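**Q** First the structure, then my questions, so here it is.
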Amino acid sequence: MPTPPPETQPNAQDPDFEQASPSIVTYYNKLLDLDHEITKPVAAIESLTALLSASPPSTVSETLALIESSTSTLKASVPNPIALSAGTDLFQRYIVTALQSGSSDPRGRSKRGPGSSPDDFGAIRAHLLANSKLVIQRAKEARGSIARIAKRFVQDGSTVLTCGASRVVSAVLNAAADDGVLFQVIYVQSSNPTKREQGFGRDLVLGLRGKEIPVAVTSFDAVATAMAKASFCMVGAESVVENGGITSSLGTRQIGLLAKSLRKPFYVAVESHKFVRVYPLGPEDLGLETGVLDFKVREGEDDRDTSSEREQLDEQEAQPVESSRLDLTPPELITGLVTEKGVQTPSAVSEELIKIWY
Amino acid sequence: MTPAASSGGGSKQQDPIVADETAVVNGNGDQGKAPAATPKDGPKNNQKGKKTSEGAPKGDAGPNSGKPSGKELKERAKAEKQAKRAKEREGKQGQPVADFKGGNIAPEPESKIGKSPGKDQPPSKSHQRRRSSAGAHAQKPLPLRPAAAAASVPKVQETLEEDNRVPLLEHLYGHPRRTTIAGASKDVHPSVLALGLQIGAYEICGSNARCVAMLLVFQQVISSYTTPVATSLPRHLTTHLSSQIDYLISYRPLSVSQGNAIRWLKVAISAVDISTPEEQAKSDLCIGIDNFIREKISVADQVIAASGAERIKDGDVIMTYAKSSIVEKTLAEAFYQGKRFKVVVIDSHPLYEGRNLARALVDLGVEVQYSLINGLAHVVGPVTKTFLGAHAMMSNGRLYSRLGTAMVAMMAKDVNSPVMVCCESVKVTDRVALDSFVHNEIAPEDELLPPRMPENGQNVDSDSKSLSLYNWRKTPNLQLLNLMYDLTPAEMIDVVITEAGSMPPNAIAMVQSLTANT
Chain A
1 MPTPPPETQP NAQDPDFEQA SPSIVTYYNK LLDLDHEITK PVAAIESLTA LLSASPPSTV
61 SETLALIESS TSTLKASVPN PIALSAGTDL FQRYIVTALQ SGSSDPRGRS KRGPGSSPDD
121 FGAIRAHLLA NSKLVIQRAK EARGSIARIA KRFVQDGSTV LTCGASRVVS AVLNAAADDG
181 VLFQVIYVQS SNPTKREQGF GRDLVLGLRG KEIPVAVTSF DAVATAMAKA SFCMVGAESV
241 VENGGITSSL GTRQIGLLAK SLRKPFYVAV ESHKFVRVYP LGPEDLGLET GVLDFKVREG
301 EDDRDTSSER EQLDEQEAQP VESSRLDLTP PELITGLVTE KGVQTPSAVS EELIKIWY
Chain B
1 MTPAASSGGG SKQQDPIVAD ETAVVNGNGD QGKAPAATPK DGPKNNQKGK KTSEGAPKGD
61 AGPNSGKPSG KELKERAKAE KQAKRAKERE GKQGQPVADF KGGNIAPEPE SKIGKSPGKD
121 QPPSKSHQRR RSSAGAHAQK PLPLRPAAAA ASVPKVQETL EEDNRVPLLE HLYGHPRRTT
181 IAGASKDVHP SVLALGLQIG AYEICGSNAR CVAMLLVFQQ VISSYTTPVA TSLPRHLTTH
241 LSSQIDYLIS YRPLSVSQGN AIRWLKVAIS AVDISTPEEQ AKSDLCIGID NFIREKISVA
301 DQVIAASGAE RIKDGDVIMT YAKSSIVEKT LAEAFYQGKR FKVVVIDSHP LYEGRNLARA
361 LVDLGVEVQY SLINGLAHVV GPVTKTFLGA HAMMSNGRLY SRLGTAMVAM MAKDVNSPVM
421 VCCESVKVTD RVALDSFVHN EIAPEDELLP PRMPENGQNV DSDSKSLSLY NWRKTPNLQL
481 LNLMYDLTPA EMIDVVITEA GSMPPNAIAM VQSLTANT
């Protein structure tokens, strides 16, 4: 990997990092708020890089311990850490391998043996930070590469069905539209979307319509009917788990099942830094089913519906629990994963991950 | 063992001794033919079932030409027979591998003749078999389980009668399994002799157990090995080990894990520096074997058990099939972690390995439901997770495991229970399998028969018994097949838990390439 000249500690003055751990959460959230184009794993990597550059140079083991502790703080701070952990795991793994290749025996160095000078470690650290920036930059560029690859799936006369708030899918569709492809889009909108989803959906629909691409907006109630008109489905993902399944916005799995039963291809456009090394056998392994269901009986003795109860019911339906905004689409429903490295089958995910980890 | 007069009970060449004209003449024809037939006709007949028709006329020539001088012939036959029997008594049953090949071939002509002329033979033959079984029991050096014991009995005569092989699986029938240590080469180490018997009797059963036992025995072989003059340890020890391995193979084919371990060991031996003092080299190798067992099996099992146990939640109903040491460890680990779950152990005839697992789990305090595979559909309903052991993982992601595993996996998928395979990387092979016919192991068919009751044994040759399944070898158009393994398609497997992590079955080839260079 070519190393650009190390720009030393750009974030050193960032006051957020004076107390290390607790503030990484705020930094992470700030990144996500400020930059709508950034993904969660990249934000996590960036937060950790910033943390590392702000913290004073120390030993290898101290560095690793610092990253370890801030990673767990970060994970604990969000309702569902799968997407985030893709970034932190990748960073941790990267740090470990970088340190191992930088110094033949990191443990020896951490003891500050006669052979290791602080300067030596400083050099490794600077190199590491520079490379981390490169990693982040590449991760951000991935979306463009995916759009270039995936737009070939969108052909004249095709109808694309999509849902959720994937920036990658948005990039793909816009790239195809910019190329002058004549296609239609079915956008499936959640019946009670979050603010972000709502905004995103509006932007996508209006943007495409502005490019003279016909867009139909429908709800999940009608998706089975709408599916018959679709040529293929393309969705984004929060993360890709090891068996090739994806976690994505609630409802994606339904679309996958319908696509399978109607024999429509189901593509997932996703950056490869969202691959995460967990192997769930079902949504319960990721804690995704919590909050989806809340069984209750009526509390009042009265048989008549009280207005307060009705209000309560309406309120609950309108506000789904945050952690239940995701579902797990198993690999057998997925035709292909379009990453910046090309189109892969779900079973290739595990091989990619093993390559990174060993 | 009955004396020679007792009409060849247990003798390998089972000439019919009954004073029945046809039988004797047949015996004669056999004797005249067998030695000559062995080299030329043998292989042909052996390989092709359809040769039967061709062989029969030749056999018939014996009786026809023999009839004129019947009496003389009879006497000659008797003399020959006795000499033969005496010879056989020394080298009987466990004869060297070469002899097995002969044994495989020689019987064929006889069986064909026996088929065409006389229907009166079956009773007399079953009579002989009973006797031979008594003899075999008396000689048995190890206490055998009923199935194994029953199996070993007729093995002596296994190839003698009609060709009851399944034509499709012709290629899987090797030489009959060895059952005793008699006739073993003098190079074979005593501990290897013992191990062979244990493996042959399923006392040591299962891919891991066989692999570990073999490696431990090889440690003894190595430590009692002295390099002959004019050769060197790296060059000679491998050939010395090869003869031990060949001996073990004569009991049962090697498991994939054994094969991988042997490959590793041979590389380790050949890598020994030629200038290393012998004692040093030997102790290094023994330490290497210890490390191999620790790394590839003991520690790997701990890692797999820990990650498998993570997948078990309170209230789960876990199904497993037969017995896998690693599945047992996983369940035990989950139980020690305080998880409360039920286990459904599915088992099958003839090995009943699941009994041991059920017993072990019950002893721990786990709630166990035990069922044979016949009852699978009945018990599968509440199952939430399925753990399977592996004999081997093929590099195309298919699971090669005890016969019946594929059915259990299929039923598990039918109730939407995730199917998890626990498999150490030492069991991963670079071989690809598309069906379970190309590679498999055929166990002695007689293991399938229910164990014979001692009281029945006396009059087993009565008419009613002669028609029973025990006489399957002489029943035309009846073939028994006792395959040991089957292949579970990758689509039925949700995850393979290895010490390198959990992965989908298709990615298992990665493990192979990862661990191959370590």
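Line order of the protein sequences matches chains A and B. Per UniProt numbering, the first sequence runs over residues 1 to 358. Per UniProt numbering, the second sequence runs over residues 1 to 518. Every residue, glycine too, gets a C-beta built ideally from N, C-alpha and C. Since we're looking at a predicted model, the values are computed, not measured.
Going by C-alpha distance, which of B:230, B:247, B:229 is nearest residue 523 of chain B?
**A** Limits of chain B in this structure are 1 at one end and 518 at the other, which puts residue 523 of chain B out of reach.
**Q** Within 9 angstroms (strictly less), CB to CB, does residue 601 of chain B reach chain A?
**A** This structure does not reach residue 601 of chain B, given that chain B is present from 1 up to 518, and the question cannot be answered.
**Q** Rounded to a whole number of angstroms, what is the C-alpha to C-alpha distance between residue 410 of chain B and residue 416 of chain B?
**A** Cα to Cα, residue 410 of chain B sits roughly 10 angstroms from residue 416 of chain B.
**Q** Assuming residue 357 of chain B contacts residue 328 of chain B (C-beta within less than 8 angstroms), just tell me the rounded distance between them.
**A** At roughly 6 angstroms, the Cβ-Cβ gap stays under 8 angstroms, so residue 357 of chain B and residue 328 of chain B are in contact.
**Q** From what residue to what residue does the beta strand (DSSP E) around residue 185 of chain A run?
**A** Start and end: 184-189.
**Q** Using the rule of at least 16 other Cβ atoms within 10 Å of the residue's Cβ for burial, across every protein chain shown, is residue 434 of chain B buried or exposed?
**A** So residue 434 of chain B ends up on the exposed side.
**Q** Within 9 angstroms of any Cβ in chain A, is that where the Cβ of residue 377 of chain B sits?
**A** It does not; no Cβ of chain A falls within 9 angstroms.
**Q** Against chain B, which members of the region 336-356 of chain A pass a CB distance test of less than 7 angstroms?
**A** So the list reads 347, 350, 351, 354, given in the order they occur along the chain.
**Q** Tell me whether residue 504 of chain B is buried or exposed, calling it buried when 16 or more other Cβ atoms sit within 10 Å of its Cβ.
**A** It is buried - the Cβ of residue 504 of chain B has at least 16 other Cβ atoms within 10 Å.
**Q** Kindly indicate if chain A contains any beta-carbon less than 9 angstroms away from that of residue 519 of chain B.
**A** In the structure as shown, chain B starts at 1 and stops at 518, and residue 519 of chain B therefore has no counterpart that could be examined.
**Q** The ligand MG heavy atoms versus the CB of residue 260 of chain B: any closer than 8 angstroms?
**A** No copy of the ligand MG appears in this structure; indeed no ligand is present at all.
**Q** According to DSSP, residue 402 of chain B sits in a beta bridge with which residue or residues?
**A** Residue 402 of chain B is bridged to B:485.
**Q** Between residue 491 of chain B and chain A, is there a C-beta pair that is closer than 9 angstroms?
**A** Yes, contact with chain A.
**Q** Can you tell me where the beta strand (DSSP E) holding residue 422 of chain B begins and where it ends?
**A** First-last of the beta strand (DSSP E) with residue 422 of chain B: 419-422.
**Q** What did DSSP end up calling residue 258 of chain B once you bin it into helix, strand or coil?
**A** DSSP places residue 258 of chain B in helix when its eight states are reduced to three.
**Q** Would residue 358 of chain A be called buried (16 or more neighbouring beta carbons within 10 Å of its own) or exposed?
**A** Exposed.
**Q** From residue 295 of chain A to residue 190 of chain A, what distance separates their C-alpha atoms?
**A** Each residue's alpha carbon lies about 22 angstroms from the other.
**Q** Can the beta-carbon of residue 178 of chain B be found less than 9 angstroms from the beta-carbon of residue 255 of chain B?
**A** Result no, Cβ atoms of residue 178 of chain B and residue 255 of chain B do not sit closer than 9 angstroms.
**Q** Is the shortest distance between the beta-carbon of residue 331 of chain A and the beta-carbons of chain D less than 9 angstroms?
**A** The chain inventory of the structure shown lacks chain D, comprising the protein chains A and B.
**Q** With DSSP as the reference, please indicate the residues paired to residue 248 of chain A in a beta bridge.
**A** BP columns for residue 248 of chain A point to A:327.
**Q** In chain B, which residues lie less than 8 angstroms from residue 282 of chain A when you measure between Cβ atoms?
**A** Going along chain B in sequence order, the residues near residue 282 of chain A (Cβ under 8 angstroms) are 418.
**Q** In the structure shown, what three-state DSSP assignment does residue 502 of chain B receive?
**A** Looking at residue 502 of chain B - three-state DSSP - the assignment turns out to be strand.
**Q** If we cut at 9 angstroms on Cβ distances, does residue 396 of chain B have a partner in chain A?
**A** By this cut-off, residue 396 of chain B is not an interface position.
**Q** Taking beta-carbon pairs under 7 angstroms, can you tell me which members of the region 493-518 of chain B lie near chain A?
**A** Per Cβ criterion, the list reads 494, 495, 502, 503, 504, 506, 507, 510, 514.
**Q** Of all Cβ atoms in chain B, is any one closer than 9 angstroms to the Cβ of residue 277 of chain A?
**A** So, interface residue.
**Q** Can you give me the C-alpha to C-alpha distance between residue 280 of chain B and residue 86 of chain A, rounded to a whole angstrom?
**A** If you take the alpha carbons of residue 280 of chain B and residue 86 of chain A, they lie about 49 angstroms apart.
**Q** Just to confirm, are residue 320 of chain B and residue 384 of chain B a CB contact at a threshold of 9 angstroms?
**A** Taking 9 angstroms as the Cβ cut-off, residue 320 of chain B and residue 384 of chain B do not qualify as a contacting pair.
**Q** Which stretch, first to last residue, makes up the beta strand (DSSP E) that contains residue 219 of chain B?
**A** Taken as a continuous stretch (DSSP letters only), residue 219 of chain B belongs to no beta strand (DSSP E), being part of the alpha helix (DSSP H) at 207-223.
**Q** For residue 50 of chain A, report the span of its beta strand (DSSP E) as first-last.
**A** That residue, residue 50 of chain A, is in no beta strand (DSSP E); its alpha helix (DSSP H) goes 40-54.
**Q** Return helix, strand or coil for residue 207 of chain A, following the three-state DSSP convention.
**A** If DSSP states are grouped into helix, strand and coil, residue 207 of chain A belongs with the helices.
**Q** Can you check which of these residues, B:425, B:394, B:475, B:514, is closest to residue 486 of chain B by C-alpha distance?
**A** Nearest C-alpha to residue 486 of chain B: B:394.
**Q** Roughly how many angstroms separate the alpha carbons of residue 446 of chain B and residue 163 of chain B, rounded to a whole number?
**A** Roughly 14 angstroms separates the two Cα atoms.
**Q** To the nearest angstrom, report how far apart residue 288 of chain B and residue 349 of chain A are at their CA atoms.
**A** Whole-angstrom Cα-Cα distance: 35 angstroms.
**Q** Hey, residue 177 of chain A and residue 133 of chain A: beta-carbon distance below 9 angstroms or not?
**A** Not in contact: residue 177 of chain A and residue 133 of chain A (Cβ atoms no closer than 9 angstroms).
**Q** Taking residue 493 of chain B as the reference, give the member of B:373, B:413, B:361 with the closest Cα.
**A** Closest by alpha carbon: B:413.
**Q** Whose Cβ in chain B lies nearer than 8 angstroms to the Cβ of residue 244 of chain A?
**A** Going along chain B in sequence order, the residues near residue 244 of chain A (Cβ under 8 angstroms) are 504.
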